[in-house]
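Novice:
Number of protein chains: 2
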Amino acid sequence: MADTDKSPDSSRRSERSRRAILDASLALVGEVGYNKLTIEAIAARAGVGKQTIYRWWPSKAAVLLEASMALSGDAEDEGEWTGFPDTGDIAADLKHVLRLTVDQFNDEKYEAPARALTAAGAIDRELGEKFTRQLLEPALVLYENRLRAAQAAGQIDADIDVRIAVEMIVGPLTHRWLQRTNPLTHDFADTCVDQVLRGIAPR
Amino acid sequence: MADTDKSPDSSRRSERSRRAILDASLALVGEVGYNKLTIEAIAARAGVGKQTIYRWWPSKAAVLLEASMALSGDAEDEGEWTGFPDTGDIAADLKHVLRLTVDQFNDEKYEAPARALTAAGAIDRELGEKFTRQLLEPALVLYENRLRAAQAAGQIDADIDVRIAVEMIVGPLTHRWLQRTNPLTHDFADTCVDQVLRGIAPR
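Okay, here's the thing in C-alpha cells:
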C-alpha cells in the first residue's frame, strides 16, 4: 500500500477498506465469473472509490490473487490449517490434508472463487501461470516436502518421482472437482492416498 | 437433420454444410472462447445462414458437443485411435492411450477447443455436466473396462477401486494440462501409468 497518511485511524480505515475490497472481489467472482468481474463492481460492493483499488492493485487479477492468498491465510487463522502435518504417519498426514481440501471444495465460500479463477486461468495463459506459480505451486511444494521426508524415513521408495506422486494425489481430486464426474468425499480422498502410497511404497 | 429435400445433391450439400459448421465452431471456440462464441460468427465462418444452424442444433453448446464428438471420430478414422487396445499387457496398453492423449493436448487443433470447453463447463454446471456425461465419461468407461479385464486376468488386485484407479491415471494429466504446472510428455504419461499400476498390483 502506498498510503502516505500513517495515523492509526487512517491505517485502520485502510485495512478495513483493503479487506472489504478483497472480500468483495471473492464474492463477485463467484457470482459473475472472472470475465464479467470489473473493478467498478468490486468498488461498489466494497463501498470504496475505484481509485482506492487502483492505488493498491494494478488489475483485477492482482486483487483476486491477493484475495485468494488472504482466504488461505484466514483458513490458517481459523485453525483449519496449521501447516502440513508431520506426525510420522505419512498416510494419516496426507489424508488429513486431502480431506481438508475436499471440505474446502464442498464449501461455496472457497469453491466459487476457486472455480472461477481456475477456469479463467485455464483460458488466459498469463493469468493461469501467475495463479499456478503463486497459489498452486506453493501448495504442491508442501506435499512434495512431506513426501520427501517420508522418502528419507524409508517409508516410500527412493526411486519414486515425488513430484509425479504429488500430482497423483491432487490430480484425481482436481479432475473430479472441475469436471464434476463424481462427488468429492472423505472416502475418495482416503482411497486416493492409499492407492498412491501402495504404488510408491518401498519395494 | 430435418432436411426434407432428399436428393443426392442436396444430401452432399447438407453434409458439406454440417462439416463446415462443426469445423468453424471448433476453430472459433479456440480463438474467442466459449462465452464470446456466437451462432452468427459460426455461420459467417462456415459460409452458411444462421437459420441453417438453428435448423439442426438448438444451441451453440449442442453444436460444440457434436463437433467435439466428430473430432474424436476423425481421430479414429485417421487411424490415431482404433479402440482401447487389449494386447494382454496392461502397462503397454495404458501407456499407448495416455501417450495419445498427451499428443492431442500438445496439438493446438484438439487442445484449443478442449480447453475452451473444459473451462466453460467448469463454470456453467449444466454445460459441464452435459460434456462430462457425453464426452468424458464414455472415455473413462473405456479405461475402466480395460482395467476390469486386467483385474479379471489377475494382473491387478481384486479389491482395488477401479474407478478411482482410472482417475489416478487421467487426473494428473488433466491437472498438469489445465493448470500448466509442467510440460506434458510421454515420460510423464509412462511414469503415471507405472506408479499407478504398482499401487494396484496384486498383493
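If you're matching them up, the sequences are chains X and Y in order. The numbering of the first sequence is my numbering, which starts it at 1 and goes up by one. The numbering of the second sequence is my numbering, which starts it at 1001 and goes up by one. Every residue, glycine too, gets a C-beta built ideally from N, C-alpha and C. Quick caveat, the model's predicted, so the values are computed rather than measured.
Which residue wins for smallest C-alpha separation from residue 1118(Y), given the options 1034(Y), 1103(Y), 1172(Y)?
Specialist: Reading the second sequence from its first residue, position 118 is the one you call residue 1118(Y). Minimum Cα distance to residue 1118(Y) is reached at 1034(Y).
Novice: Do residue 196(X) and residue 168(X) count as a contact pair if the criterion is CB distance below 7 Å?
Specialist: Taking the first residue of the first sequence as position 1, residue 168(X) is located at position 168. Taking the first residue of the first sequence as position 1, residue 196(X) is located at position 196. Yes.
Novice: Starting from residue 175(X), find everything on chain Y with Cβ-Cβ shorter than 8 Å and list it in chain order.
Specialist: Position 175 of the first sequence, counted from the start, is the residue given in the question as residue 175(X). The contacting residues are 1167, 1170, 1171, 1174, 1175.
Novice: For residue 1(X), count neighbouring Cβ atoms within 10 angstroms of its own Cβ and tell me buried if that reaches 16, exposed if not.
Specialist: As a position in the first sequence, residue 1(X) is number 1, starting the count at 1. Here the model assigns residue 1(X) a pLDDT of 46, short of 50, so the residue's position is not dependable and the matter cannot be decided.
Novice: Let me see if you follow: with CB-CB separation under 7 Å, is residue 33(X) close to chain Y or not?
Specialist: Looking up residue 33(X) in the first sequence gives position 33. Answer yes: the Cβ-Cβ gap between residue 33(X) and chain Y drops below 7 Å somewhere.
Novice: DSSP on residue 203(X), reduced to helix/strand/coil?
Specialist: Counting from one through the first sequence, the residue named residue 203(X) turns up at place 203. Residue 203(X) falls in the coil class under three-state DSSP.
Novice: Excluding the 5 residues preceding and the 5 following residue 1101(Y) in the sequence, name in chain order all residues of the same chain whose CB lies nearer than 8 Å to its CB.
Specialist: Within the second sequence, the letter at position 101 stands for residue 1101(Y). The answer, listed in chain order, is 1170, 1173, 1189.
Novice: State yes or no: is the C-beta of residue 1179(Y) within less than 7 Å of the C-beta of residue 132(X)?
Specialist: On the second sequence, residue 1179(Y) is found 179 positions in, with the first residue counted as 1. On the first sequence, residue 132(X) is found 132 positions in, with the first residue counted as 1. In this structure, residue 132(X) lies closer than 7 Å to residue 1179(Y) by Cβ.
Novice: State the CB to CB distance for the pair residue 30(X) and residue 116(X), rounded to an integer number of angstroms; the pair is presumed to be in contact (CB under 8 Å).
Specialist: Here residue 30(X) refers to the residue found at position 30 of the first sequence. Here residue 116(X) refers to the residue found at position 116 of the first sequence. Correct: roughly 6 Å between the Cβ atoms.
Novice: Since residue 1138(Y) is in the alpha helix (DSSP H), which residue starts that stretch and which ends it?
Specialist: For the purposes of this step, residue 1138(Y) is taken as the residue at position 138 of the second sequence. Its alpha helix (DSSP H) spans residues 1137-1152.
Novice: Taking Cβ-Cβ distances shorter than 9 Å, what residues in chain X pair up with residue 1128(Y)?
Specialist: Within the second sequence, numbered from 1, the residue matching residue 1128(Y) stands at position 128. Neighbours of residue 1128(Y) on chain X, chain order: 178, 179, 180.
Novice: Could I get the ranges of all uninterrupted alpha helix (DSSP H) runs contained in the region 49-108 of chain X, with 4 residues as the minimum, in chain order?
Specialist: 50-56, 60-77, 90-105
Novice: Helix, strand or coil: which one does DSSP assign to residue 1007(Y)?
Specialist: As a working note, residue 1007(Y) is residue 7 in the second sequence. In this structure, residue 1007(Y) counts as coil in the three-state DSSP scheme.
Novice: For residue 185(X) and residue 107(X), what's the separation of their Cα atoms in angstroms?
Specialist: One-based indexing of the first sequence puts residue 185(X) at position 185. One-based indexing of the first sequence puts residue 107(X) at position 107. Distance between the alpha carbons of residue 185(X) and residue 107(X): 12 Å.
Novice: Is residue 1199(Y) close to chain X, meaning its C-beta is less than 7 Å from at least one C-beta of that chain?
Specialist: Here residue 1199(Y) is taken as the residue at index 199 of the second sequence, counted from 1. Chain X contact via Cβ: present.
Novice: Can you tell which of 145(X), 14(X), 39(X) has the C-alpha that lies nearest to the C-alpha of residue 161(X)?
Specialist: Along the first sequence, read from residue 1 onward, the residue named residue 161(X) stands at position 161. Residue 145(X) is the option with its Cα nearest to residue 161(X).
Novice: Give the straight-line distance between the Cα atoms of residue 1003(Y) and residue 1072(Y), rounded to the nearest whole angstrom.
Specialist: For the purposes of this step, residue 1003(Y) is taken as residue 3 along the second sequence, with counting starting at 1. For the purposes of this step, residue 1072(Y) is taken as residue 72 along the second sequence, with counting starting at 1. Any answer about residue 1003(Y) is weak, because its pLDDT of 48 lies below 50 and its placement is not dependable; what the coordinates show is given next. The alpha-carbon atoms of residue 1003(Y) and residue 1072(Y) are separated by roughly 25 Å.
Novice: Would you grab the beta carbon distance between residue 165(X) and residue 147(X) for me? Rounded to a whole angstrom, and I think it's under 8 Å.
Specialist: The count along the first sequence starts at 1 and reaches residue 165(X) at position 165. The count along the first sequence starts at 1 and reaches residue 147(X) at position 147. The Cβ separation is near 6 Å, so the contact holds.
Novice: Going by other Cβ atoms of all chains shown within 10 Å of its Cβ, with 16 needed for buried, is residue 142(X) buried or exposed?
Specialist: In the first sequence, the residue the question calls residue 142(X) occupies position 142. Counting Cβ neighbours within 10 Å, residue 142(X) comes out exposed, since fewer than 16 surround it.
Novice: At a Cβ threshold of 7 Å, is residue 1187(Y) touching chain X?
Specialist: Here residue 1187(Y) is taken as the residue at index 187 of the second sequence, counted from 1. It does not; no Cβ of chain X falls within 7 Å.
Novice: What residues in the region 1137-1155 of chain Y have a beta carbon less than 9 Å from any beta carbon of chain X?
Specialist: 1137, 1140
Novice: Beta-carbon of residue 159(X) versus every beta-carbon of chain Y: anything under 7 Å?
Specialist: The sequence position of residue 159(X) within the first sequence is 159, counting from 1. With 7 Å as the cut-off, residue 159(X) does not count as an interface residue toward chain Y.
Novice: So residue 68(X) and residue 135(X) are in contact, right, with Cβ under 8 Å, and what is the actual spacing, rounded?
Specialist: For the purposes of this step, residue 68(X) is identified with residue 68 of the first sequence, where counting begins at 1. For the purposes of this step, residue 135(X) is identified with residue 135 of the first sequence, where counting begins at 1. About 6 Å; that satisfies the 8 Å criterion.
Novice: I'd like to know if residue 27(X) contacts chain Y, where contact means its C-beta is closer than 7 Å to some C-beta of that chain.
Specialist: Within the first sequence, residue 27(X) is the residue found at index 27, counting from 1. The beta carbon of residue 27(X) sits no closer than 7 Å to any beta carbon of chain Y.
Novice: Identify the contact partners of residue 1119(Y) in chain X, using a Cβ-Cβ distance below 7 Å as the criterion.
Specialist: Locating residue 1119(Y) in the second sequence gives position 119, where the first residue counts as 1. Here the neighbours are 119, 122, 123.
Novice: Taking beta-carbon pairs under 8 Å, can you tell me which members of the region 89-118 of chain X lie near chain Y?
Specialist: 115, 116, 118
Novice: Could you tell me whether the Cβ of residue 1132(Y) comes closer than 7 Å to any Cβ of chain X?
Specialist: What you label residue 1132(Y) is simply residue 132 of the second sequence in a count that begins at 1. Yes, because at least one Cβ of chain X sits closer than 7 Å to the Cβ of residue 1132(Y).
Novice: Would you kindly work out how many angstroms separate the C-alpha atoms of residue 1014(Y) and residue 1065(Y), rounded to a whole number?
Specialist: Within the second sequence, numbered from 1, the residue matching residue 1014(Y) stands at position 14. Within the second sequence, numbered from 1, the residue matching residue 1065(Y) stands at position 65. Roughly 19 Å between the two C-alpha positions.
Novice: Helix, strand or coil for residue 22(X), going by three-state DSSP, please let me know.
Specialist: Walking along the first sequence from the start, residue 22(X) turns up at place 22. Note: residue 22(X) maps to helix in three-state DSSP.
Novice: Could you tell me which chain Y residues have their CB closer than 9 Å to the CB of residue 196(X), listed as they occur along the chain?
Specialist: Taking the first residue of the first sequence as position 1, residue 196(X) is located at position 196. Here the neighbours are 1168, 1195, 1196, 1199.
Novice: Are residue 150(X) and residue 90(X) touching if we call contact CB-CB under 7 Å?
Specialist: Within the first sequence, the letter at position 150 stands for residue 150(X). Within the first sequence, the letter at position 90 stands for residue 90(X). In contact: residue 150(X) and residue 90(X) (Cβ atoms closer than 7 Å).
Novice: Going by C-alpha distance, which of 177(X), 187(X), 128(X), 17(X) is nearest residue 45(X)?
Specialist: Numbered from its first residue, the first sequence carries residue 45(X) at position 45. It is 17(X).
Novice: According to the neighbour-count rule (16 or more other Cβ atoms, all chains shown, within 10 Å of its Cβ), is residue 191(X) buried or exposed?
Specialist: One-based indexing of the first sequence puts residue 191(X) at position 191. Buried, by the Cβ-count rule.
Novice: At a CB-CB cut-off below 7 Å, which residues of chain Y make contact with residue 216(X)?
Specialist: The structure shown does not extend to residue 216(X), since chain X spans only 1 to 203, so no value can be given for it.
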